[in-house]
Amino acid sequence: MFMLYMYALAPKPGRASVNNNNSYTYDLVCIGSGPAGQRAAIQAAKLGKKVAVVEKQQIVGGVCIETGTIPSKTFREAVQRAYARPGLEAHEQFRPRARPTMQQLVAHVERVIEREIFVVQENLARNDIEVIRGRASFGDPHTLQVEAFEGRRKLSVDKVLIAVGTRTSNPPDLSPDGQTIMTSDHVLNLARLPRNIAVVGAGVVGIEYASMFAALGVQVTVIDRRPRPLEFLDHEIIDELIHQMRKADVTFRCGEAVEHIKVVEVPQPKGLIELESGKHIVADMVLFSAGRIGDTDALNLEAVGLQADERGRLKVDKHHCTGVDNIYAAGDVIGFPALAATSSEQGRLAACQMFGVEAQPMASHFPVGIYAIPEISMVGATEEELTRERVPYETGIAHYKEISRGQILGDDSGMVKLIFHREDGRLLGAHCIGSGATELIHVGQAVLGLGGGLDYFIRTVFNYPTLAECYKVAAFNAANKLALVRSAVITQETATAIAVDA
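Residue numbers (the numbering used here): 17 to 518.
This is the structure:
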């Protein structure tokens, strides 16, 4: 494995950099400095290529660092620190909690963002990657126009990676003001915490922020036209999430579509939401989080014969090529799974493909993390998928309240759910909810990727006390169920054989 990785870092024998022949100024230009753009640029630089990154924002790192992954997850950490679980002493459980201000919550976020920007800048500079500030658009497949503050610049390029990411979508016929009507881009700029908030959209972003505000004591209403939130996750895990969020006084209005949103003065500005059913919801603030759109509008894709779909996303093949030989795309702009981790790997693989370096494709079993309160993570198949595909399986469940570490953490509602193939015991899926879920899932990911299953978990010794013990408890739970099923089947087969002989 180490040798394979080193091979990816070395130029392929006999293949010289196009830039060395002076055909183009740059071998690769990445449009966007988020995870996909960064990783592609660094991979190409390791191959001896001349690389530039074009970034339209004043900071490098893309949406991931500016308004997305890093800020939201850091904000969640600040919320949890401010409103930790009640202490173990009985008298502490009824102590009034001092409500933090937005300024107090955001202070840590700003420090983390500054540090992350520094890390990205250092990585790019260390690999001699030029950062060009401005907005890029195509003139032709090998020419980019960059509009910057200091004027227009024309770049001659061999390969291009489109890694522009996505932007928030806005309510129809209404522009967010960042105070009463807002998107996820505005949350961390709020001057104050609202008393109540309505979240339109029960996707990942909506659920994450809904749970954070609820943890801060804000009354939250979640609205979504779908019958349940996060439908791609295991339903049993989602049921537990809904249960815990309802305990935090979150109201769910699922199966309800929004007809209209407007701002009213009563006497302070409030958001008024009219649902298609005729219901009305009034809130101090409305967080509109109904999906994201690929940020491709300004690229002048027509000049190279490309067209984005209705959500601004680009279609690519298995090698991340757009159909124009020298133009690739990676990250959120190509759609699912739209995760920072997968975007980074897509960027690396695209760069390897561009310059003729063999690389193994991304593993199909990548983890998904939802940083709600409580957090959720999964890898592999859900029960619903396996049922549709008629795959025989058995589940095993371990609750944090059964695990010493769960008691130590004060988390008695978390759980780990494992799904095994009923015939050979292979692990088919792992699902976690509760403290450390996004870390804990990697044990299941490793076992799944290596083809392990029930026998591994039963034989393996885990540190005590740790949440990882949940894997062993869940495995024994599944093994007991399988033993009962097999016993019943054998009994039935024996009875049938006797009846036939008689």
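Note that beta-carbon positions come from the ideal geometry of N, C-alpha and C, so glycine has one too.
Asked                                                                                                                    : Found
Per DSSP, the bridge partner or partners of Y42                                                                          : V173
Endpoints, alpha helix (DSSP H) assigned at R55                                                                          : 51-62
Cut-off 6 Å between Cβ atoms - residues of its own chain near A367, not counting five sequence neighbours on either side : A56, Q59, A60
The ligand PLP heavy atom lying under 7 Å from the CB of V489                                                            : You won't find the ligand PLP in this model; it holds no ligand whatsoever.
Option in A114, V407, N205, P377 with minimal Cα separation from L303                                                    : N205
Identity of the residues DSSP links to D428 by a beta bridge                                                             : D428 pairs with nothing; no bridge assigned.
CB contact flag (A179, V349, <8 Å)                                                                                       : yes
Supposed close pair N493, I413 - CB separation, criterion 8 Å                                                            : 6 Å
Spatial distance of E275 from V216 (CA atoms)                                                                            : 11 Å
Among V298, E272, G271, V384, nearest to Q284 - alpha-carbon criterion                                                   : V298
Buried versus exposed, by CB contacts within 10 Å (16 or more), M22                                                      : In this prediction, M22 has a pLDDT of 37, which is less than 50 and means its spatial position is unreliable; nothing more can be read from the coordinates.
Distance, H336 Cα to I253 Cα                                                                                             : 33 Å
Whether R169 touches V162 by CB criterion (8 Å)                                                                          : yes
Neighbourhood of E281 by C-beta distance below 6 Å, restricted to the same chain and skipping five residues each side    : none
Distance, S305 Cα to T199 Cα                                                                                             : 6 Å
Three-pair Cβ contact test at 8 Å for the segment 418-430 versus the segment 234-246                                     : no
For V45 and G181, believed in contact at Cβ under 8 Å, the rounded distance                                              : With a Cβ gap of about 16 Å, G181 and V45 do not count as contacting.
Supposed contact pair F154 and A319 - C-beta distance, whole angstroms, cut 8 Å                                          : 4 Å
Closest by C-alpha distance to K295, when choosing among N316, E410, A273                                                : A273
One or two residues paired with D240 in a DSSP bridge                                                                    : C270
Selected residue, minimal CA-CA separation from A68, among I75, G48, I86                                                 : G48
Separation of L402 from A123, as counted between CA atoms                                                                : 45 Å
Residue nearest to L232 in terms of C-alpha spacing, selected from D250, Y487, R115, M301                                : R115
Minimum C-alpha distance to V407 - residue among V221, G426, I435                                                        : I435
C-alpha gap between T41 and Q73, whole angstroms                                                                         : 23 Å
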